[in-house]
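Peer 1:
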Amino acid sequence: MCRVRAPSQGPVRDWRFMLVQETPHQYIAPKRISAYETYRFRCSQPTSSQSQSDTLHDATQRDAFVPPPAYSAFPRNQIILILCLASFAATFSPLSSFIFFPAIDDLARALDVSVGRVNLTITSYMIVAGLAPAILGDLADNIGRRMVYLFMMAVYCIANIGLALQKNWTALFLLRMLQSTGSAATIALGYGVVSDVAPPSERGAFVSGLVVAPNVATAIGPILGGALTSYAGWRWIFRFLAIWSSICLLLIALLLPETARSVVGNGSEKVSGLRQPLLTWFRSPEQVLYSPGKDDGSSTELVSLPEDGRGSRRFKFPNPLASLKLLWAKDSALITLIFGVFYMNLSSLQASTSTLFVQTHNISGIGLGLVYLPSGIGSCIGAYYAGSLMDHDYRVVARKNNFEINKRAGDDLAHFPIEKARFQSIWYALSAASLSMVGYGWSMQFKVHMAVPLVLHFFIGLSTAVVFNMSGTLLVDIHPKSPSTAQAANSIVRAFLAGGGTACIQPFVDAMGVGWTFTLFGGLGMVCIGFAWLERAFGQRWRDKMKARGVER
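Residues in the sequence shown are numbered consecutively from 144, following this note's numbering.
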């Protein structure tokens with residue numbers, strides 16, 4: 144009869160190393176193993192009194208207890224750090240836009256140009272914001288996230304230094320385009336990082352964590368821009384961004400490991416050079432074969448090492464058309480249209496807010512920046528609860544389809560109706576955002592008390608954030624091999640729609656009035672309810688047809 148040894152006793156460590164030697168391309172990474180599993184394994188070891196057939200049978204029985212590979216080999220605390228760094232980097236995309244709005248009039252006076260010419264720099268910023276992710280997203284899916292992050296943050300920091308020093312409109316125009324190059328793809332890469340480290344069943348919460356910082360930036364950006372412009376001058380906007388981005392660049396260089404599954408698999412493939420964090424205490428999982436737990440038990444789990452030489456494969460030049468090809472797929476096109484229409488609505492709302500509140504309620508200075516706060520607070524709350532809602536909907540749909548959730552190894556979504564899970568509750572957000580947009584327009588048209596449009600700002604921000612999270616997460620789910628490229632396609636659509644919306648908002652207001660203009664935008668949002676229904680009803684069928692044709696995404 145076999146004796147049960149506690150996992151903390153020394154001999155247990157020996158058979159774990161023996162197991163590593165007997166299972167090629169696997170290694171031990173930290174995870175708890177129970178005393179019962181230790182007992183079963185030790186009972187399976189042959190003794191001198193056992194026959195050859197018994198030994199073979201016991202070895203087979205032992206192998207049956209080897210768990211499947213983990214979805215991510217990174218420890219939980221390091222995953223949280225990775226998510227925080229990705230969220231920090233993602234703040235610069237919205238912050239660069241919203242911190243700029245309060246300084247438009249001051250820039251026009253300082254550079255002796257019209258407000259319209261300064262607004263052209265916003266249009267150029269958005270155009271580059273649509274084009275840059277098409278290159279950088281595909282590049283990140285091929286060579287890895289870390290190298291692209293370092294490049295983008297360096298470019299962004301240099302652009303802000305130039306913007307703080309420039310003295311003419313041409314320099315402002317060109318440097319804003321360079322600034323957009325450095326910041327536009329940060330959200331797309333962030334979604335890619337989430338796809339790298341988070342299994343589908345937990346992805347909703349991770350996406351919510353990713354977008355928290357960008358939503359906070361959306362809320363405080365106009366306030367910060369107004370304060371800096373009023374008390375320190377508009378140049379301090381770009382000095383602040385340069386300082387903040389240099390801190391982000393330093394943290395990424397020191398702390399962020401490579402996560403791209405095309406490069407490091409589940410995080411187990413060894414990399415070298417700039418692909419490694421500069422701080423040596425972030426050791427790769429294969430360097431730690433045995434890691435004692437906090438209590439008597441030790442933690443181990445088996446994860447597979449990649450066998451295709453991911454870390455050493457040749458450089459593949461980025462293909463900017465890869466993102467455009469994704470838009471030919473029906474499901475990708477519908478998802479990006481939903482995201483793009485609501486991004487256009489939100490951008491048009493934000494771009495016109497300062498002008499409308501000055502004309503209607505005679506607000507200026509820091510007070511003008513504060514009117515953006517309700518929308519930002521709503522976005523933060525919506526993003527936070529959207530993650531929990533998505534994970535809840537995922538579990539509900541899984542139960543209805545008798546689908547067993549595997550949080551450890553991740554779920555195979557090939558035969559799972561992920562479209563129904565992600566869009567289970569999107570109808571409420573689509574309707575609320577669209578109706579609030581219509582109500583906002585008429586509240587400004589009839590010049591009701593300022594509290595009414597501000598409350599509607601809050602609900603627009605809250606419901607739009609839910610739409611963004613649900614559609615953005617679904618887009619990553621259906622493109623597991625190229626999540627950053629998929630988000631780059633999303634960036635292209637939303638940037639061009641937002642550019643068109645911000646360019647047309649003032650002419651529409653002049654021609655139709657505020658009420659009918661925002662009724663038009665709200666009506667476009669209601670059309671997206673039909674798009675969401677089509678995606679939820681036919682999305683899995685379209686995926687199956689593409690898979691049957693041999694199309695991999």
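We treat Cβ as the ideally placed atom computed from N, Cα and C, and that holds for glycine.
Span of the alpha helix (DSSP H) holding Gly643?
Peer 2: In this chain, the alpha helix (DSSP H) harbouring Gly643 covers Pro626 to Met655.
Peer 1: Rounded to whole angstroms, how far is the Cβ of Ile225 from the Cβ of Thr479, which I believe are closer than 8 Å?
Peer 2: Not a contact, Cβ separation roughly 26 Å.
Peer 1: Going by beta-carbon coordinates alone, are Gly682 and Asp474 separated by less than 8 Å?
Peer 2: yes
Peer 1: Look up Gln567 in the DSSP assignment and say whether it is helix, strand or coil.
Peer 2: coil
Peer 1: Give the straight-line distance between the Cα atoms of Val446 and Gly642, rounded to the nearest whole angstrom.
Peer 2: Summary for Val446: the model assigns pLDDT 40, below 50, so the residue's position carries little reliability; its value from the coordinates is reported in the next sentence. About 46 Å.
Peer 1: Please determine, among Gly530, Ile509 and Val657, the residue with the shortest C-alpha to C-alpha distance to Thr503.
Peer 2: Val657
Peer 1: Count the other CB atoms, across all protein chains shown, that sit within 10 Å of the CB of His558; report buried if there are 16 or more and exposed otherwise.
Peer 2: Note on His558: under 16 other CB atoms within 10 angstroms of its CB, so exposed under the neighbour-count rule.
Peer 1: DSSP three-state label for Gly693, please.
Peer 2: coil
Peer 1: Rounded to a whole number of angstroms, what is the C-alpha to C-alpha distance between Tyr374 and Val350?
Peer 2: Spanning the two alpha carbons is a distance of roughly 36 Å.
Peer 1: Looking only at its own chain, which residues have a Cβ that is under 7 Å from the Cβ of Asn409, when we skip the five neighbours before and after it?
Peer 2: Pro212, Ala213, Tyr214, Ser215, Ala216 and Val446
Peer 1: Going by C-alpha distance, which of Pro237, Lys310, Ser522 and Leu332 is nearest Ile278?
Peer 2: Leu332
Peer 1: What span of residues does the alpha helix (DSSP H) with Asp555 cover, start to end?
Peer 2: Under the DSSP assignment, Asp555 falls outside any alpha helix (DSSP H); it carries neither an H nor an E label.
Peer 1: For the segment 590 to 609 against the segment 243 to 262, do three or more pairs of beta-carbon atoms, one drawn from each stretch, fall closer than 8 Å, so that the two count as touching?
Peer 2: The segment 243 to 262 and the segment 590 to 609 do not touch, with fewer than three beta-carbon pairs separated by less than 8 Å.
Peer 1: One question on the structure: do Ala362 and Ala233 come within less than 8 Å of each other, judged by their Cβ atoms?
Peer 2: no
Peer 1: Mapping the DSSP letters down to three states, classify Met593 as helix, strand or coil.
Peer 2: coil
Peer 1: Taking its Cβ as the centre, do 16 or more other Cβ atoms sit within 10 Å of Trp471, making it buried, or is it exposed?
Peer 2: Exposed, by the Cβ-count rule.
Peer 1: Measure the Cβ-Cβ separation of Ala638 and Met269 and say whether it is below 8 Å.
Peer 2: yes
Peer 1: If you draw a straight line from the alpha carbon of Pro237 to that of Glu412, how long is it in whole angstroms?
Peer 2: 34 Å
Peer 1: Determine the DSSP secondary structure at Ile301, reduced to helix, strand or coil.
Peer 2: If DSSP states are grouped into helix, strand and coil, Ile301 belongs with the helices.
Peer 1: So, with DSSP's three-state summary, where would you put Gln309?
Peer 2: Here Gln309 sits in coil by DSSP.
Peer 1: Near Val598, what residues of its chain come up, given a Cβ to Cβ distance below 8 Å and the 5 sequence neighbours on each side ignored?
Peer 2: Pro517
Peer 1: List in chain order: all unbroken beta strand (DSSP E) runs of 3+ residues lying wholly within the segment 366 to 422.
Peer 2: none
Peer 1: Rounded C-beta distance between Gln697 and Tyr334? I'm assuming under 8 Å.
Peer 2: Summary: the structure shown does not reach residue 697, with the chain confined to residues 144 through 696, and so no result is reported for it.
Peer 1: From Phe316 to Ala297, what distance separates their C-alpha atoms?
Peer 2: 19 Å
Peer 1: In three-state terms, what does DSSP make of Asn505?
Peer 2: coil
Peer 1: Ser495 and Ile648 look like a contact to me (Cβ under 8 Å); what is the Cβ gap, rounded to whole Å?
Peer 2: At roughly 5 Å, the Cβ-Cβ gap stays under 8 Å, so Ser495 and Ile648 are in contact.
Peer 1: If I'm right that Ile548 touches Ile621 with Cβ under 8 Å, what's the distance once you round it to whole angstroms?
Peer 2: The pair is not a contact, with the Cβ atoms about 18 Å apart (cut-off 8 Å).
Peer 1: Give the secondary structure of Trp685 by DSSP, where H, G and I count as helix, E and B as strand, and everything else as coil.
Peer 2: helix
Peer 1: Decide if Arg684 is buried, meaning its Cβ has at least 16 other Cβ atoms within 10 Å, or exposed.
Peer 2: By the neighbour-count rule (16 or more Cβ atoms within 10 Å), Arg684 is not buried but exposed.
Peer 1: Is Ile506 near Phe601, with beta carbons less than 8 Å apart?
Peer 2: no
Peer 1: Confirm, please, whether the CB-CB distance from Pro342 to Phe241 is below 8 Å.
Peer 2: no
Peer 1: According to the neighbour-count rule (16 or more other Cβ atoms, all chains shown, within 10 Å of its Cβ), is Arg346 buried or exposed?
Peer 2: buried
Peer 1: Glu180 to Ile222, Cα distance in whole Å?
Peer 2: With a pLDDT of 45 at Glu180, under the threshold of 50, the modelled position of that residue is not reliable, and the figure given next carries that caveat. Approximately 27 Å between the Cα atoms of the pair.
Peer 1: Classify Val258: buried if its beta carbon has 16 or more other beta carbons within 10 angstroms, exposed otherwise.
Peer 2: exposed
Peer 1: If I measure Cβ to Cβ from Phe674 and keep anything under 7 Å in the same chain, skipping five residues before and after, which residues do I get?
Peer 2: Leu477, Leu480 and Ile481
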